[in-house]
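For reference, the structure is listed below as structure tokens.
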Amino acid sequence: MSVRVRIAPSPTGYVHVGNIRAALFNWLYARHTGGTFILRIDDTDVERSDVEYEDDIKAGLRWLGLDWDEGVDVGGPHGSYRQSDRFDHYREVAHDLVARGLAYHDPRSPEELEELRKVAQSEKRHPNYYIRRPDTPATTGPIRFSVPQDAPVEFDDMVRGDMRFEAGAVDDFVILRSDGVPTYHLASVTDDVDYRISHVARGEDLLPSTPKHILLTKAIGGSVPTYAHLPLLFGPDGKKLSKRHGDTSLRAYREGGYLPQAMMNFLATLGWSIGADRTVFTVAEAIESFDLVDVSKNPAVFDLDKLAWINGEYIRAQDPEDFEAGARTEIERSMGRSLAADDWERFRSISGLVQERTKFMVDIPDQVRFLFEEVAADDDSWAKVMDKEGVAEVLSAASSRLSGLDTWDTESIEGALRGMLEDLEIGARKGLQPLRVAVTGSVVSPPLFESMAALGSESVLARLDAAGRRLAGS
RNA sequence: GGUCCCGUCGUCUAGUGGUCUAGGACGCCGGCCUCUCAAGCCGGUAACGCCAGUUCGAAUCUGGUCGGGACUGCCA
Numbered sequence: 003m004s005v006r007v008r009i010a011p012s013p014t015g016y017v018h019v020g021n022i023r024a025a026l027f028n029w030l031y032a033r034h035t036g037g038t039f040i041l042r043i044d045d046t047d048v049e050r051s052d053v054e055y056e057d058d059i060k061a062g063l064r065w066l067g068l069d070w071d072e073g074v075d076v077g078g079p080h081g082s083y084r085q086s087d088r089f090d091h092y093r094e095v096a097h098d099l100v101a102r103g104l105a106y107h108d109p110r111s112p113e114e115l116e117e118l119r120k121v122a123q124s125e126k127r128h129p130n131y132y133i134r135r136p137d138t139p140a141t142t143g144p145i146r147f148s149v150p151q152d153a154p155v156e157f158d159d160m161v162r163g164d165m166r167f168e169a170g171a172v173d174d175f176v177i178l179r180s181d182g183v184p185t186y187h188l189a190s191v192t193d194d195v196d197y198r199i200s201h202v203a204r205g206e207d208l209l210p211s212t213p214k215h216i217l218l219t220k221a222i223g224g225s226v227p228t229y230a231h232l233p234l235l236f237g238p239d240g241k242k243l244s245k246r247h248g249d250t251s252l253r254a255y256r257e258g259g260y261l262p263q264a265m266m267n268f269l270a271t272l273g274w275s276i277g278a279d280r281t282v283f284t285v286a287e288a289i290e291s292f293d294l295v296d297v298s299k300n301p302a303v304f305d306l307d308k309l310a311w312i313n314g315e316y317i318r319a320q321d322p323e324d325f326e327a328g329a330r331t332e333i334e335r336s337m338g339r340s341l342a343a344d345d346w347e348r349f350r351s352i353s354g355l356v357q358e359r360t361k362f363m364v365d366i367p368d369q370v371r372f373l374f375e376e377v378a379a380d381d382d383s384w385a386k387v388m389d390k391e392g393v394a395e396v397l398s399a400a401s402s403r404l405s406g407l408d409t410w411d412t413e414s415i416e417g418a419l420r421g422m423l424e425d426l427e428i429g430a431r432k433g434l435q436p437l438r439v440a441v442t443g444s445v446v447s448p449p450l451f452e453s454m455a456a457l458g459s460e461s462v463l464a465r466l467d468a469a470g471r472r473l474a475g476s
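So, in structure tokens, the structure goes:
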């Protein structure tokens, strides 16, 4: 039997990294087994669903390279792959269940049900002990599935092993709301059956719902898929990763200077390991060795420090041309203008040095802004190195040394400035920092000689001069 | 309260009865390199929640206990 897996996100918010991790595992499993990866949109909650969010989901998947074989946009043999298009079908399924005596209309009010739950709780019974089929049949109210009480529900979960739920612990859940809209349980199970889903790999938060899904699947005559419940992603505080922890939406990382390959790699290490001594690996390698049965049972904390490190690893490993192209995008966006030819050349002459020290793509503009426009030294940098004894001498000595240069390149600049250090009998640290601040506007910058070479003699000399004047004036 | 899940360094994990005085990675600390910042290199820090039991032998098996978590809706 061929593997058919799906992800079924609800478009009720920007796609969460936890859902993306689940998508990744499903995708890896499909690619590893040569199976089919399906994208279905679970938009039964019409109130909260929005196309903007569906677009966000698709954009996120595309960004990461998680291509789907069937589903929204790409189509397939099973219709639209959007649940809101199939409401009539779900209603038929629900009413058919009622006709066969496997489900029933529940005429009780929410208040009555609430009361029953309270009673059950006070008696320390299963909370839904009393939420069962009333003695007298009704024809109005939401439709509940009548949970068979004769046998426990058992299944073998690919990550958790043998699972067993007592029938009495499963409540008669609603499958069709009184307004005729199907619930998640009905729509999801119906689709999984119709689409011939073979494996359902989803978050562990759905584990308690699984017995319901199995029972429903059997009731509508489908074959039960193999389940794999993935460990949840936690925030630093050990609670389910949520908005409270800041950036839980994939979009935040897409816009935050992270490389998609780095994100993929990081997500793959959460709950899965490719081997004892490896952390960084390619997508192809992950596909090669991934299997749902190897997924860990325990929850994983989403560690931003490690993500940042992996991102740096990927940035340094990028092809120089790719890095430059990505950097250009960031720089132009930050500066609000496109780079002129000479701007671009200046950047390219030190791009290798920038690549080595970039952790996030969005940090690039600040590192090289001095190449494109005049930069005023920030107060901290100025106070730290310029308000010191002998700085004026350093500035003028450097200026005269540099202005006498015939060739303007890294070697000659370094030669000139080393000579200056000897003349002044001061160390490199003390003698070069003022020049760095004067030229780049900051105590932190790419290497000085290369930066000067890239900027050009005219600008360098002018900035040294300007710094000297600012020093004299203060 | 109930049902269910989980428990190896701060974090992600390797580990399936002996090769574990528990390995790797991030982080952190120290050093080297060095024009700043990174990167790189070297070294260090730090864990089998606890108690019984099984066994010649347990991180690995069993029971209990403690701790954490998810679910408990006409949301998904």
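Positions 3 to 476 (our numbering) are the ones given, in order, by the first sequence.
We put the CB at the ideal spot given by N, CA and C, even for glycine.
Quick caveat: nothing in here was measured; it's all calculated off a predicted structure.
Where T35 is concerned, the enclosing alpha helix (DSSP H) starts and stops at V19 to T35. The beta-carbon distance between V387 and Q369, rounded to whole angstroms, is 18 Å. This is too long to meet the 8 Å contact definition. If only complete runs of 4 or more residues are kept, the segment 135 to 196 shows the alpha helix (DSSP H) at 186 to 196, in order along the chain. In the three-state reduction of the DSSP assignment, T442 falls in the helix class, which pools H, G and I. Straight through space, the alpha carbons of H187 and R93 are spaced by roughly 13 Å. Look at H128 here: in three-state DSSP terms it is coil, with no helix or strand label. Secondary structure within the segment 21 to 106: the alpha helix (DSSP H) runs of 4 or more consecutive residues, fully enclosed, are 53 to 66 and 89 to 101 (chain order). By alpha-carbon distance to L218, the top candidate from R146, D279 and D249 is R146. The segment 115 to 125 makes no contact with the segment 79 to 90, as fewer than three CB pairs between them are under 8 Å.
Rounded to the nearest whole angstrom, the C-alpha separation of T185 and A221 is 16 Å. Secondary structure of F268 (DSSP, three-state): helix. A contact between stretches requires three or more CB pairs, one per stretch, nearer than 8 Å, and the segment 260 to 277 meets this requirement with the segment 291 to 303.
For R371, DSSP records no beta bridge to any residue.
DSSP places Y229 inside the beta strand (DSSP E), whose first and last residues are T228 to L232.
In the structure shown, S111 falls within a coil segment according to DSSP collapsed to helix, strand and coil. Spanning the alpha carbons of A105 and V226 requires a straight line of approximately 19 Å. Taking each of P436, P448, G475 and E452 in turn and checking the Cα distance to L466, the smallest one comes out for P436. For T141, same chain residues with a beta-carbon under 8 Å away, outside a window of 5 residues either side, are H107 in chain order.
For R8, the uninterrupted beta strand (DSSP E) segment begins and ends at R6 to I9. Here S251 is near Y16, since their CB atoms are less than 7 Å apart. Around P154, the same chain offers R166, F167, E168 and A169 as residues with beta carbons nearer than 8 Å, after the five sequence neighbours per side are excluded.
The Cβ atoms of V364 and E315 lie no closer than 7 Å to each other.
When D321, E347 and G273 are compared, the shortest CA-CA separation from R23 is found for G273.
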